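Data block below; observations after.
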Amino acid sequence: MNCKRLLEGLAYTCLQGDIKTEVSAIVNDSRKLKEGCMFICVKGAAFDGHDFAGEAAKKKAAVLLVERPVEVDADVTVIQVKNTRYAMALISAAWFGYPDKKLTTIAVTGTKGKTTTTYMIKELLEKAGYKTGVIGTIEVVIGKKHIPVNNTTPESYDIHKYFKEMKEAGCRAVVMEASSQGFKLDRTAGILFDYGIFTNLSPDHIGPNEHEDFEEYLQCKSMLFNQCKQAFANKDDAHFAEVTKNADCPVHTFGLDETADLRANGISLTRGTDFLGVDFTISGMAEGRISCGVPGAFNVHNALGAICVALKMGIHVEKITQVLKNFTVKGRVQIIPTGYEYTLIVDYAHNAVALESILKTLREYNPKRLISLFGCGGNRSRLRRFEMGEVSGKLADLTVITSDNPRFEEPQAIIDDIITGMKKTEGEYIAITDRREAISYVMHHGEAGDIIVLAGKGHETYQEIKGKKYHMSEEEIVQDVLHHKY
Numbered sequence: 000m001n002c003k004r005l006l007e008g009l010a011y012t013c014l015q016g017d018i019k020t021e022v023s024a025i026v027n028d029s030r031k032l033k034e035g036c037m038f039i040c041v042k043g044a045a046f047d048g049h050d051f052a053g054e055a056a057k058k059k060a061a062v063l064l065v066e067r068p069v070e071v072d073a074d075v076t077v078i079q080v081k082n083t084r085y086a087m088a089l090i091s092a093a094w095f096g097y098p099d100k101k102l103t104t105i106a107v108t109g110t111k112g113k114t115t116t117t118y119m120i121k122e123l124l125e126k127a128g129y130k131t132g133v134i135g136t137i138e139v140v141i142g143k144k145h146i147p148v149n150n151t152t153p154e155s156y157d158i159h160k161y162f163k164e165m166k167e168a169g170c171r172a173v174v175m176e177a178s179s180q181g182f183k184l185d186r187t188a189g190i191l192f193d194y195g196i197f198t199n200l201s202p203d204h205i206g207p208n209e210h211e212d213f214e215e216y217l218q219c220k221s222m223l224f225n226q227c228k229q230a231f232a233n234k235d236d237a238h239f240a241e242v243t244k245n246a247d248c249p250v251h252t253f254g255l256d257e258t259a260d261l262r263a264n265g266i267s268l269t270r271g272t273d274f275l276g277v278d279f280t281i282s283g284m285a286e287g288r289i290s291c292g293v294p295g296a297f298n299v300h301n302a303l304g305a306i307c308v309a310l311k312m313g314i315h316v317e318k319i320t321q322v323l324k325n326f327t328v329k330g331r332v333q334i335i336p337t338g339y340e341y342t343l344i345v346d347y348a349h350n351a352v353a354l355e356s357i358l359k360t361l362r363e364y365n366p367k368r369l370i371s372l373f374g375c376g377g378n379r380s381r382l383r384r385f386e387m388g389e390v391s392g393k394l395a396d397l398t399v400i401t402s403d404n405p406r407f408e409e410p411q412a413i414i415d416d417i418i419t420g421m422k423k424t425e426g427e428y429i430a431i432t433d434r435r436e437a438i439s440y441v442m443h444h445g446e447a448g449d450i451i452v453l454a455g456k457g458h459e460t461y462q463e464i465k466g467k468k469y470h471m472s473e474e475e476i477v478q479d480v481l482h483h484k485y
C-alpha cells in the first residue's frame, strides 16, 4: 500500500525519502522486520524502537516512522510524527481497510465487571441473530476460533487485524474490553465506538509501568466517553460524575438510583446446589423481571450495562431474560457441577479487592461454610499477599492456602507471606503447596451446604513456574478428582 495513503489523517513531516513509496507490511517489533515494511519506532517500557532503526534499514525496511530523527541511509523514507503509538493505531486502521467502520463496535471499561459484561453482551447479541466477535482478558473470539491473549486490550495493529478477520468471518458486531492501559497507550485511538459502557471505578493498576496515581487511572478510563457515539454509565458509582464530566457523547445511565435511565429494584438472590443467581425488576428504558445466572447483587450492574446495549439494538426484554438466566462466563464466578451437595466455584479473583468482593457475595447466599482456596502470583507486590490473607481470614470459614503462579519465587515464601496476613485474623487455615492436592482436599472435605471458591486462576489454563507455563486447568483438575485420580 502507498505510504501516503497510510498516513491520511495524521500530521507528519517527511525527513527524507519518498512519501509515495510502497509499503509491504506494518511492523513495530524488530524481530519481525521484513523487506519493504514500514517499521514503527515505538518507545516501550523495556525497549526503544528507535534503537533498531539502523537494523531496520539494513533489512531493507521501506519506511521508518519515528518521533525523533534517526541516522539511516538516504534511500530509506523517514517520517516523523509526534506520537508513534497514536500514529500506529491510525495506520493500522488504514492498512486493514478501516474494518471498525464495517462492524457495530462496543467497548466496555471499568475496574471490575468488564469480562462478565462483555460476554453478557456477546450472548445477548448472538441469541438475537448478531454474530459477534470478542476481544478481552480471556481471549479473542472470532466465530469458532478462540485466540489466547497477553493484554486485555491488544496493540492497535492486532485490534484492526482481528476486526478484519471478524468481518470476513461474518460477524456483524464486536464487543471488547477497553482497559485503561489500552487508552493510555493509544491502542484504541481513532476508533469511534458505536456504544461504550462504564461499569465502575476503584483504585487498581497503579504502580510502575501502569498508572502513576488514581487521577491518571480515572482520566484514562474517562477517555471512553470521547471515543463513542453513545455511552451507558453506572450512576451508582462514586466516581460517576467525575468520569463522565467531559463526555463528548450522550451518556445514558443505569443503576439502582431512582433517576437512572434504566433502573433495577426488587433484587433477590436465588440458589440451588449447582446454581447461584440474582433476580431483579427493571424500569425506565424497559419494564420487566430479569433472572440472571451469575451470583451477587454486584452483577445486577453488569447485567444492566449489557441490557442497555441489547435494548438499543432492538432486543426485547423476554429474549434478554431468557438469555441471561442461562448465562455463565468462564472463570468468573463459574459454577462447576460435581454431583455433591456443596457448590464449587472457579473465580479469577487475584487481589484483595476482588477476593473480598467474591467472598462477601457468596456469604450472602448463607452457606453452611464458606471455603476459600487461593494463592498469590510471584514477582508481584508482597502487599497483595498480606492483604489477601487477611481478607480471607476475616470472611471465610476455612482458607486453603496454595500456589498460584509462583514465577521465579519459591512457592513456600509466597505462602508464608499469605499466612502473615492470615494471622492478623482468627480465621482457620491450612496450607497445601500443590494446587492439585489443595483442590482435592477441599473437594473431599466439602460438606452439604458449603460453598467452595477456587480463587485466582479463573480462566487460566497454565501455571507459570521459573519462566515456563505448565498446563493446569482447574476444570480438568475437578474432573480428575471426581474420577478418583487425586
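According to numbering that gives the first Met the number 0, the sequence shown is numbered sequentially starting from 0. A virtual CB, placed ideally from N, CA and C, is assigned to each residue, including glycine. Keep in mind that this is a model prediction, so the values were computed, not measured.
| Query | Result |
| --- | --- |
| So, are the CB atoms of Ser179 and Cys219 less than 9 Å apart? | yes |
| Please say whether Met87 and Ile25 have beta carbons closer to each other than 9 Å? | yes |
| Output the residue ranges of the beta strand (DSSP E) runs that lie fully inside the segment 179-264 and measure 3 residues or longer, sorted by chain position. | 192-197, 227-233, 250-254 |
| Identify the continuous beta strand (DSSP E) that holds Gly132 and give its terminal residues. | 131-134 |
| Are the CB atoms of Glu176 and Ile113 within a distance shorter than 9 Å? | Correcting the residue type first, residue 113 is Lys in the shown sequence and not Ile. Yes, Cβ-Cβ distance for Lys113 and Glu176 is below 9 Å. |
| Three-state secondary structure (DSSP) at Met312? | coil |
| Considering only their Cβ atoms, is the gap separating Ile334 from Gly445 smaller than 9 Å? | no |
| Could you please give the first and the last residue of the uninterrupted beta strand (DSSP E) stretch that includes His145? | 144-146 |
| Roughly how many whole angstroms lie between the Cα atoms of Gly388 and Asp235? | 29 Å |
| Enumerate in chain order the residues of its own chain whose CB-to-CB distance from Met0 is below 8 Å, with the five nearest sequence positions on each side excluded. | Glu21, Val22, Ala93, Trp94 |
| Can you tell me whether DSSP reads Glu492 as helix, strand or coil? | Outside the shown range of the chain, which is 0 to 485, sits residue 492, and nothing can be said about it. |
| How long is the line joining the alpha carbons of Ala168 and Gly142, rounded to whole angstroms? | 7 Å |
| With DSSP as the reference, identify every bridge partner of His470, one or two as the case may be. | Tyr461 |
| Where DSSP assigns a beta bridge to Thr280, which residues make up the other side? | Asn264, Arg288 |
| By alpha-carbon positions, which one of Thr151, Thr110, Lys160, Gly457 ends up nearest to Gly374? | Gly457 |
| What number of angstroms, rounded off, separates the C-alpha of Tyr339 from the C-alpha of Thr280? | 32 Å |
| Would Gly392 and Val332 qualify as a contact pair, given that the criterion is a beta-carbon distance under 9 Å? | no |
| In the structure shown, what three-state DSSP assignment does Glu317 receive? | helix |
| Would DSSP call Arg67 helix, strand or coil? | coil |
| Is it the case that the Cβ atoms of Ile105 and Gly189 are separated by a distance below 9 Å? | no |
| Can you tell me whether Cys2 sits near the ligand GTP, meaning its C-beta is under 8 Å from at least one heavy atom of the ligand? | What this structure holds is no ligand at all, so the ligand GTP is not there to describe. |
| Report yes if the CB atom of Ile451 is closer than 9 Å to the CB atom of Tyr341, and no otherwise. | yes |
| Val75 and Leu63 - do their beta-carbons sit closer together than 9 Å? | yes |
| Report yes if the CB atom of Glu363 is closer than 9 Å to the CB atom of Asp396, and no otherwise. | no |
| Tell me the rounded alpha-carbon separation between Leu261 and Glu125. | 22 Å |
| Using a Cβ-Cβ cut-off of 8 Å (strictly less than) and excluding sequence neighbours within five positions of Gly48, which residues of its own chain qualify? | Asn27, Ser29, Phe38, Ile39, Cys40, Val41, Lys42, Thr83 |
| Looking only at its own chain, which residues have a Cβ that is under 8 Å from the Cβ of Gln429, when we skip the five neighbours before and after it? | The question names Gln, but residue 429 is Ile in the sequence shown. Hits under 8 Å: Leu397, Thr398, Val399, Ile400, Tyr440. |
| With distances taken from CA atoms, which of Asp403, Leu275, Lys422, Glu436 is nearest Leu520? | Past the boundaries of the shown model lies residue 520; the chain is included only from 0 to 485, so the question cannot be answered. |
| Below 8 Å on the Cβ atoms is my contact criterion, and I expect Val77 with Gly132 to pass it. Report the Cβ-Cβ distance as a whole number of Å. | No, Val77 and Gly132 are not in contact; Cβ-Cβ is about 36 Å, not under 8 Å. |
| When you compare the CB positions of Phe253 and Cys170, do they come within less than 9 Å of one another, or not? | no |
| Please identify the residue among Tyr85, Lys183, Pro147 whose C-alpha is closest to the C-alpha of Glu215. | Lys183 |
| Can you say whether His145 is buried or exposed, counting buried as having 16 or more other CB atoms within 10 angstroms of its CB? | exposed |
| Considering only the alpha carbon of each residue, which of Phe46, Ile344, Leu102, Glu436 lies closest to Phe192? | Leu102 |
| What residue does the beta strand (DSSP E) around Thr12 start on, and which one ends it? | 12-15 |
| Would you decide whether Tyr161 is buried or exposed? Buried here means 16 or more other CB atoms lie within 10 Å of its CB. | buried |
| Taking C-alpha atoms, which residue in Gly135, Asp50, Ala353 lies nearest to Phe297? | Ala353 |
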